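Input: a single structure, listed below in structure tokens.
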Amino acid sequence: MALTAQESVDTFDLDDREAIVAGDWHGNLAWVGRAIPAAARTGVRTLLHLGDFGFWPGGSADLLATVDHCVAKSWERTVTSGIERVLVTPGNHEDWASLDSLFAAHPGRAVRVSESVWVLPRGFRFAAGGRSFLSFGGAASIDYAYRVALRSWWPSEMPSLDDIRTAVVGGATDVLLTHDAGLSVTPQIAAVLTGPSQWVASERQYSGMGRTLIDYVLTATNPLLQLHGHHHLRDTGVFEREGMPPLRVEALGMDGQDGNVTLLNLDDLSVTDLEVSR
78 MALTAQESVD TFDLDDREAI VAGDWHGNLA WVGRAIPAAA RTGVRTLLHL GDFGFWPGGS
138 ADLLATVDHC VAKSWERTVT SGIERVLVTP GNHEDWASLD SLFAAHPGRA VRVSESVWVL
198 PRGFRFAAGG RSFLSFGGAA SIDYAYRVAL RSWWPSEMPS LDDIRTAVVG GATDVLLTHD
258 AGLSVTPQIA AVLTGPSQWV ASERQYSGMG RTLIDYVLTA TNPLLQLHGH HHLRDTGVFE
318 REGMPPLRVE ALGMDGQDGN VTLLNLDDLS VTDLEVSR
């Protein structure tokens with residue numbers, strides 16, 4: 078199913094004091110059915126997803142229906158309010174042909190593709206709880222050589238220079254939402270990237286190029302916090318910067334792992350892992 082626009086906006090200005098942030102779901106419907114209820118128990122209204130959500134040729138309809146069902150069920154709780162919106166920063170393993178068409182028809186705007194799910198173009202900015210956010214999706218698929226172009230891999234998964242220009246023109250941001258890391262890599266992920274690898278040099282180079290492009294955005298916008306997925310590891314890193322506050326990077330796990338769903342406090346930008354039943 079191609080994604081269909083139901084509504085588009087040029088920004089959000091949310092009065093939330095907290096938000097849920099989730100890493101890769103890969104269209105895992107069973108996990109979605111547990112992760113969203115876990116998120117809803119906090120009373121938070123906004124879920125920020127960091128990509129590899131599961132937009133895929135032939136599979137998006139079931140995913141969106143499941144997310145919408147779980148979001149609707151969250152409003153049946155009498156103790157807390159339910160989730161109102163799911164804002165997705167796309168990953169690399171997404172149907173970028175469909176996403177590209179959607180964003181071309183609604184340039185610079187977040188697009189609602191179901192009752193609750195919105196997709197965010199690269200460079201999209203919004204506010205929540207008095208904090209500024211910048212979304213910059215996409216990443217390099219290190220396994221591209223084993224995929225079929227325009228069927229299971231899309232070159233536009235990689236940000237373009239125009240995407241970078243769009244993202245940085247607005248200046249600094251408090252929070253940067255990406256799918257992959259930049260060059261400020263948390264310790265566990267750094268150990269994987271520099272350790273023994275099954276991937277050949279050209280594949281590692283392609284992967285590294287994606288992180289370099291993201292780092293251009295990070296360096297130009299000086300966030301206090303970067304949140305990303307992609308590496309399927311839950312980890313934290315703090316990086317000192319001359320003349321400015323340190324950068325904190327939170328890497329989130331994937332579906333089925335601890336550290337996939339987290340609670341972001343918008344007052345102090347602290348991040349707390351939530352337990353998802355298995």
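Residue numbers (my numbering): 78 to 355.
We treat Cβ as the ideally placed atom computed from N, Cα and C, and that holds for glycine.
All of these numbers come straight from a predicted model, not from anything done at the bench.
Residue i, DSSP secondary structure in three states
i, result
"A204", "strand"
"A217", "coil"
"R162", "strand"
"V188", "strand"
"A249", "coil"
"I303", "For clarity, residue 303 is Gln in the given sequence; the question names Ile instead. Residue state, collapsed to three classes: strand."
Endpoints, beta strand (DSSP E) assigned at residue i
i, result
"G110", "Not the beta strand (DSSP E): G110 falls in the alpha helix (DSSP H), residues 106-117."
"R355", "Premise fails: R355 is in no beta strand (DSSP E) and is neither H nor E."
"R325", "321-328"
"D312", "312-318"
"T88", "Careful: T88 lies outside any beta strand (DSSP E) and carries neither H nor E."
"I339", "Sequence inspection shows Thr at residue 339; the Ile mentioned does not correspond to that position. Segment 338-342, the beta strand (DSSP E) holding T339."
"H126", "123-126"
"A99", "95-99"
"W102", "Neither: W102 is in no beta strand (DSSP E) and is coded neither H nor E."
"V156", "Looking at the DSSP string, V156 is not in any beta strand (DSSP E), and its letter there is neither H nor E."
Host alpha helix (DSSP H) of residue i (start-end)
i, result
"E280", "278-298"
"L179", "173-182"
"A138", "137-151"
"T271", "264-271"
"T243", "238-245"
For residue j and residue i, the rounded distance between their alpha carbons
i, j, result
"I160", "E280", "39 Å"
"R202", "A174", "23 Å"
"L340", "R199", "23 Å"
"P134", "R325", "35 Å"
"A107", "T271", "34 Å"
"T250", "L301", "8 Å"
"V245", "T143", "35 Å"
"G274", "R288", "Reading the sequence as shown, one finds Ser at residue 274 and not Gly. Cα to Cα, the separation comes out at about 17 Å."
"A278", "S284", "10 Å"
"D350", "T313", "12 Å"
"D90", "R189", "16 Å"
"E317", "A258", "17 Å"
"A79", "D172", "9 Å"
"S354", "A112", "8 Å"
"N169", "S237", "14 Å"
"T255", "V156", "32 Å"
"P264", "V315", "10 Å"
Beta bridge counterpart(s) of residue i as assigned by DSSP
i, result
"W230", "A226"
"S212", "F201, L254"
"W195", "L164, R189"
Exposed unless 16 or more other CB atoms sit within 10 angstroms - verdict on residue i
i, result
"T123", "buried"
"G320", "exposed"
"A328", "buried"
"M286", "exposed"
"S151", "buried"
"L125", "buried"
"R311", "buried"
"L141", "buried"
"W102", "buried"
"G306", "buried"
"A96", "buried"
"N337", "buried"
"Y293", "buried"
"Q83", "exposed"
"P167", "buried"
"Q303", "buried"
Below-8 Å beta-carbon distance, residue i vs any chain B residue
i, result
"R288", "No chain B is present in this structure, which holds just one protein chain."
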